[in-house]
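K.L.:
Just so you know, our numbering puts the end of the sequence shown at 303, numbered straight through with nothing missing.
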Amino acid sequence: MAPAARMPLSRVQQYTLLALLTLTALPHLLNVEIRVSLLFLLLAGYRFVAVGRGRLLPGKLILFLLTMGALGNVLLLYPILFGKDAGVALLVSMLALKLMEMRVKRDVHILVFIGYFMLVTQFLYREDTWLVVYALMMVIALTATLIESNRFHPSSHPLGALKVSSWMLAQSLPLMIMLFIFFPRFSSPLWNLVDQTHSAVTGVTGNISPGSISRLSRSSAVAFRVDFTQQIPPPSQRYWRGPVFSSSDGKNWEADEADELPAGVIQGLNPPIIYSVTLEPTPGRWLYALELPVEIPADAQ
3 MAPAARMPLS RVQQYTLLAL LTLTALPHLL NVEIRVSLLF LLLAGYRFVA VGRGRLLPGK
63 LILFLLTMGA LGNVLLLYPI LFGKDAGVAL LVSMLALKLM EMRVKRDVHI LVFIGYFMLV
123 TQFLYREDTW LVVYALMMVI ALTATLIESN RFHPSSHPLG ALKVSSWMLA QSLPLMIMLF
183 IFFPRFSSPL WNLVDQTHSA VTGVTGNISP GSISRLSRSS AVAFRVDFTQ QIPPPSQRYW
243 RGPVFSSSDG KNWEADEADE LPAGVIQGLN PPIIYSVTLE PTPGRWLYAL ELPVEIPADA
303 Q
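What follows is the structure in structure tokens.
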């Protein structure tokens with residue numbers, strides 16, 4: 003390790019890094035399980051107290067035990083260590099542990115790049131405008147910290163590093179805009195991560211339990227495609243009907259089966275609307291139609 007990389011961090015540098023990385027991880031504390039959030043807050047809070055008190059910093063054995071405990075905590079919450087939730091939980095836990103061994107300038111480089119990665123992973127959950135602004139502000143602050151740590155002598159003007167960092171980000175804006183305009187959009191992410199939080203997705207299944215839905219995420223995936231043989235009907239006649247949830251045990255609502263529906267007289271439209279429906283893979287067992295269809299394919303089930 004180079005001599006400059008072994009230089010100890012000042013109290014101001016430690017407090018600055020702790021504050022920035024805590025703010026960087028803050029949005030993720032709402033995405034991960036409460037046990038992971040509490041672990042991060044506990045370790046980060048302890049590290050704040052330990053600044054300037056070297057005897058309070060844990061040794062290698064304690065760090066090893068903390069690492070095993072944090073890994074075990076993630077494995078208990080996510081037995082199959084795969085997906086964005088498990089990955090983010092592990093990232094938050096490892097960031098908290100890295101804060102515990104922050105001592106020299108080399109650790110600044112590692113922690114800042116972990117902070118960058120932490121900011122990127124927040125967009126796996128949401129893409130709100132406030133989050134974009136928040137992430138840009140944190141990128142400027144983290145980059146300024148990285149610039150300041152590479153100076154042999156601390157700057158007499160603390161805002162100087164922020165100005166340099168802001169100018170560097172401004173220089174990258176043309177490339178960002180060009181990529182935003184010309185980079186192709188995909189209907190699904192390249193990483194194809196699976197959401198393991200068991201949150202509900204808008205759609206139709208065999209039953210619904212309103213009391214058990216903790217989070218509802220909207221899916222923009224195609225549900226089905228329709229080809230009309232004749233002219234497309236007006237919007238007022240394009241209301242697609244599926245199953246009706248009419249049976250309840252007080253909590254769960256279930257859809258009636260076709261043979262349980264009461265018989266009735268069906269009066270067809272004149273002229274009739276003829277169309278074909280191509281369903282995408284779905285957990286349900288229903289055909290979707292305009293109002294109530296008069297005829298269905300003979301092999302439909």
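The beta-carbon is built from N, C-alpha and C at its ideal position, and this holds for glycine as well.
1) Sorted by chain position, which residues of the same chain lie with C-beta nearer than 8 Å to residue 140's C-beta, five sequence neighbours on each side aside?
2) On the CB-based measure, 16 or more other CB atoms within 10 Å of its CB, does residue 41 come out buried or exposed?
3) Which of the three DSSP states, helix, strand or coil, is assigned to residue 281?
4) Would a check of beta-carbon distances place residue 81 closer than 8 Å to chain C?
5) Do residue 245 and residue 288 come within 8 Å of each other at the CB atom, strictly closer than that value?
6) Just curious, the alpha helix (DSSP H) that residue 182 is in, first and last residue?
7) Express the C-alpha separation of residue 167 and residue 93 in angstroms, rounding to a whole number.
8) Just how far apart, CA to CA, sit residue 33 and residue 251?
9) What ranges does the beta strand (DSSP E) occupy inside the segment 71-115, keeping only unbroken runs of at least 3 residues that lie completely in it?
10) Are there 16 or more other CB atoms within 10 angstroms of the CB of residue 111, so buried, or fewer, so exposed?
11) Residue 148 to residue 36, Cα distance in whole Å?
12) My output table needs one value for residue 300: the three-state DSSP class, helix, strand or coil.
13) Quick one: measure Cβ to Cβ for residue 145 and residue 170, integer angstroms, because I've assumed they're closer than 8 Å.
14) Give me, in chain order, the residues of the same chain whose beta-carbon lies closer than 8 Å to that of residue 228; leave out the 5 immediate sequence neighbours on both sides.
15) Using CA atoms only, rank isn't needed, just tell me which of 83, 150, 66 is closest to residue 107.
16) Residue range of the alpha helix (DSSP H) that residue 151 falls in?
17) Go to residue 42, then tell me how far its alpha helix (DSSP H) extends in each direction, as first and last residue.
18) DSSP has residue 229 in a bridge; who is on the other side?
19) Do the CB positions of residue 30 and residue 90 come within less than 8 Å of each other?
P.N.:
Quick answer:
1) 22, 25, 26, 117, 121
2) buried
3) strand
4) The question asks about chain C, but that chain is absent: this structure has only one protein chain.
5) yes
6) 161-184
7) 25 Å
8) 32 Å
9) none
10) exposed
11) 31 Å
12) coil
13) 7 Å
14) 277, 278, 279, 280
15) 150
16) 131-151
17) 36-52
18) 278
19) yes
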